[in-house]
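Count along the sequence shown from 1, then add 26; that gives the number in this note's numbering.
For glycine and all other residues, C-beta sits at the position ideal for the given N, C-alpha and C.
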Amino acid sequence: MHMINVAPQFERDFLVERTQSGFQRAKAEGKSLGRLHRLSAQEKQEALQDRQSGLSVFASARTHLTSCQAIMRLKSSNEFEEEK
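Here you go:
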């Protein structure tokens, strides 16, 4: 029974190795991995300015056609960058 499981495990290991080498090559080429950002850099700045001027998270999210969580994430990431 053990010999039957060797071939699928070998194939899985080979698949993982190819995937990891593909990720490394993409990073070396400067490509960004993952999901695309919903807001552009300018829209992010505008959303942060909205929040600083006292606009609610919900209103800012509605204005920029995104979720409240995305606006909250911007606020958190901006505070993290300012601490550096």
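Would DSSP call residue i helix, strand or coil?
i    : result
T45  : helix
K101 : helix
T92  : coil
Taking the straight line between their C-alpha atoms, what separation do you get for residue i and residue j?
i    : j   : result
P34  : K70 : 46 Å
F106 : I97 : In this predicted model, F106 has a pLDDT of only 40, less than 50, meaning its place in the structure is not dependable enough to derive any value.
G56  : T45 : 17 Å
K110 : R77 : Because K110 carries a pLDDT of 42, less than 50, the predicted location of this residue cannot be relied on, and the following value inherits that uncertainty. In a straight line, the C-alpha of K110 is about 21 Å away from that of R77.
L41  : A67 : 36 Å
G48  : F84 : 39 Å
Flag this pair as yes or no: are the beta carbons of residue i and residue j separated by less than 9 Å?
i   : j   : result
L65 : T92 : yes
S86 : A73 : yes
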